[in-house]
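The structure appears right after this line, and notes come after that.
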Amino acid sequence: VSPNQIKTVIKKLKTSKANGSGPVNNIILKSTIDTICIPLSHLFNFILLKGVFPDSWKLAHVIPLFKKGRRHIRSNYRPISLLNNISKIFEKLVHKHLLSYFTENNLI
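In structure tokens, the structure reads:
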């Protein structure tokens with residue numbers, strides 16, 4: 010995974026979305042884009058090399074999101090899962106690589 014690939018994904022992140030389970034939100038990622046891409050590249054490539062996904066990235070914070078109607082009725086809420094923002098970048102990059110591989114090899 011190259012720093013430029015990471016930069017492309019970070020540029021597309023929405024800053025209006027809720028923060029994930031980690032300490033780094035999308036605003037911080039975008040404001041540090043030129044500094045953070047190389048360390049993230051090293052981290053992501055190490056994860057791929059070792060084949061171990063960090064345990065903290067496997068956790069989601071599930072919160073109720075109000076849909077409509079009366080707020081005291083439980084069925085008027087739906088659950089959303091907030092994931093670690095760094096793990097979402099990693100997952101998007103892995104998805105892109107897998108999709109490219111499967112497409113090039115006529116597997117999908």
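At position 94 of the sequence shown the residue is numbered 103 (the working numbering), and the sequence of numbers has no breaks.
Idealized CB from N, CA, C, for every residue including glycine.
Quick one: Cα of TRP66 to Cα of PRO32, how far? 12 Å
Between the CA atoms of HIS70 and TYR86 - distance to the nearest angstrom: 15 Å
What are the complete alpha helix (DSSP H) segments, minimum 4 residues, inside the segment 30 to 68? 35 to 40, 42 to 59
Please say whether LEU68 and ASN93 have beta carbons closer to each other than 9 Å? In this structure, ASN93 lies near LEU68, with their beta-carbon atoms less than 9 Å apart.
Tell me whether the segment 33 to 42 and the segment 102 to 113 touch, counting them as touching only if at least three CB pairs, one residue from each stretch, are closer than 8 Å. By the C-beta criterion, the segment 33 to 42 is judged not to be in contact with the segment 102 to 113, since fewer than 3 inter-stretch pairs fall below 8 Å.
Can you find the residues in the same chain that come closer than 7 Å, C-beta to C-beta, to ASN34, ignoring five residues on each side of it along the sequence? ASN28, ASN94
Beta-carbon separation of LEU57 and VAL18 under 9 Å? no
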